[in-house]
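Chemist: These protein sequence lines are chains A and B, in that order.
Per my numbering, the very first residue in the first sequence carries number 1; after that it's consecutive.
Per my numbering, the very first residue in the second sequence carries number 1001; after that it's consecutive.
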Amino acid sequence: NAGVTQTPKFRVLKTGQSMTLLCAQDMNHEYMYWYRQDPGMGLRLIHYSVGEGTTAKGEVPDGYNVSRLKKQNFLLGLESAAPSQTSVYFCASTRAGGHNSYNEQFFGPGTRLTVL
Amino acid sequence: TQLLEQSPQFLSIQEGENLTVYCNSSSVFSSLQWYRQEPGEGPVLLVTVVTGGEVKKLKRLTFQFGDARKDSSLHITAAQPGDTGLYLCAGRYNTDKLIFGTGTRLQVFP
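The following block contains the structure:
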């Protein structure tokens, strides 16, 4: 099993450009998450999904959109990139029963995005 | 916005030393997890604690959940260079989301 994979691994954008980050998991997990990681701020939740066709806002959703058309994929879109979106983006997944205290989130390797 | 503060933010020690990392919040958690993240990789789960006062040991790592379930600590005995990484606590507030702490970056020198 590949676990959680993310593409691309690195990307440089100019302000105003758009792009889509792809997350794929092969563990048949129901729940998927997008986080951004900035120095000294840990991981902050952008959007998440509790199942195919459903999405919800997290802590810092502005400037991002997501889609979960297939259970195994979760896409994060930036419609008009801004320098404040320079960050490392992580995708994670976990099995159903998200209220289960012992559920482990499995993370991808991250995408490093720079917006000039 | 719920906050999880970790201290210290940075820790640089020699091999063989002991250390403790703290995770604090003003809110009560239903459970708390500790993750470790190495450069260029995503976080990986170390442990989950659920009961107030609970103590779990993972080889040289000891995790404790506060009695009131608002705080947690991670103690490493005789640190080794392989312990180097970013340590993140993450609290669950009876939802399908985790709130991650601010992180503690540990560097252990040989």
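C-beta atoms are modelled at their ideal positions from N, C-alpha and C, and glycine is treated no differently.
Which residues in the same chain as residue 1086 (chain B) place their Cβ atom closer than 6 Å to its Cβ, once the five residues preceding and following it in sequence are excluded?
Modeler: The answer, listed in chain order, is 1037, 1103 and 1105.
Chemist: In terms of residues, what are the limits of the beta strand (DSSP E) holding residue 69 (chain A)?
Modeler: Where residue 69 (chain A) is concerned, there is no enclosing beta strand (DSSP E), given that its DSSP letter is neither H nor E.
Chemist: Going by beta carbon distance, what residues of the same chain come within less than 7 Å of residue 16 (chain A), once the five residues before and after it are set aside?
Modeler: Here the set comprises 80 and 81.
Chemist: Could you compute how far the alpha carbon of residue 105 (chain A) sits from the alpha carbon of residue 1017 (chain B)?
Modeler: Those two C-alpha atoms are separated by around 30 Å.
Chemist: Measuring only between beta-carbons, confirm whether residue 101 (chain A) sits less than 7 Å from chain B.
Modeler: It does: the Cβ of residue 101 (chain A) has a partner Cβ on chain B nearer than 7 Å.
Chemist: Determine whether the beta carbon atoms of residue 108 (chain A) and residue 37 (chain A) lie at a separation below 7 Å.
Modeler: Contact: no.
Chemist: In its own chain, which residues sit with a C-beta less than 6 Å from the C-beta of residue 1110 (chain B), not counting the 5 before and 5 after it?
Modeler: Excluding sequence neighbours, residue 1110 (chain B) sits near 1015 and 1081.
Chemist: Within 7 Å (strictly less), CB to CB, does residue 1063 (chain B) reach chain A?
Modeler: Not one chain A Cβ lies under 7 Å of residue 1063 (chain B).
Chemist: For residue 1005 (chain B), which beta-bridge partners are listed by DSSP?
Modeler: The partner list for residue 1005 (chain B) (beta bridge, DSSP) reads B:1024.
Chemist: Buried or exposed, going by whether 16 or more other CB atoms sit within 10 Å of the CB of residue 1077 (chain B)?
Modeler: Answer is exposed; the Cβ neighbour count stays below 16.
Chemist: Let me check understanding here. Comparing Cα to Cα, which of A:68, A:54, A:14 and A:1 lies closest to residue 86 (chain A)?
Modeler: The candidate whose alpha carbon is nearest that of residue 86 (chain A) is A:14.
Chemist: Please classify residue 74 (chain A): is it buried, with 16 or more other beta-carbons within 10 angstroms of its beta-carbon, or exposed?
Modeler: Residue 74 (chain A) comes out buried.
Chemist: Tell me which same chain residues have a C-beta within less than 6 Å of the C-beta of residue 1114 (chain B), skipping the five on either side of it?
Modeler: Only positions 1001 to 1110 of chain B appear in the structure, and residue 1114 (chain B) is not among them; the question remains open.
Chemist: Along the chain, where does the beta strand (DSSP E) containing residue 56 (chain A) start, and where does it finish?
Modeler: Looking at the DSSP string, the run of the beta strand (DSSP E) that includes residue 56 (chain A) is 54-57.
Chemist: Can you pull the chain A neighbours of residue 1059 (chain B), defined as C-beta to C-beta under 9 Å?
Modeler: Those within 9 Å of residue 1059 (chain B) in chain A number zero; the least Cβ separation is about 19 Å.
Chemist: By the 7 Å beta-carbon criterion, what residues does the stretch 30-47 of chain A contribute toward chain B?
Modeler: Result list: 31, 40, 41, 42, 43 and 45.
Chemist: Tell me which same chain residues have a C-beta within less than 6 Å of the C-beta of residue 95 (chain A), skipping the five on either side of it?
Modeler: Excluding sequence neighbours, residue 95 (chain A) sits near 29.
Chemist: Within the continuous beta strand (DSSP E) that includes residue 41 (chain A), where are the two ends?
Modeler: Note, residue 41 (chain A): premise wrong, no beta strand (DSSP E); not H, not E.
Chemist: Taking residue 1010 (chain B) and residue 1032 (chain B) to be in contact with their CB atoms under 8 Å, please state how far apart those CB atoms are, rounded to whole angstroms.
Modeler: With 8 Å as the limit, residue 1010 (chain B) and residue 1032 (chain B) do not qualify as a contact, their Cβ atoms being about 22 Å apart.
Chemist: Distance cutoff 7 Å, beta carbons only. Does residue 119 (chain A) sit that close to anything in chain B?
Modeler: The first residue shown for chain A is 1 and the last is 116, placing residue 119 (chain A) beyond what the model contains.
Chemist: Would residue 101 (chain A) and residue 1044 (chain B) qualify as a contact pair, given that the criterion is a beta-carbon distance under 7 Å?
Modeler: It is not a contact, given that the beta carbons lie outside the stated cut-off.
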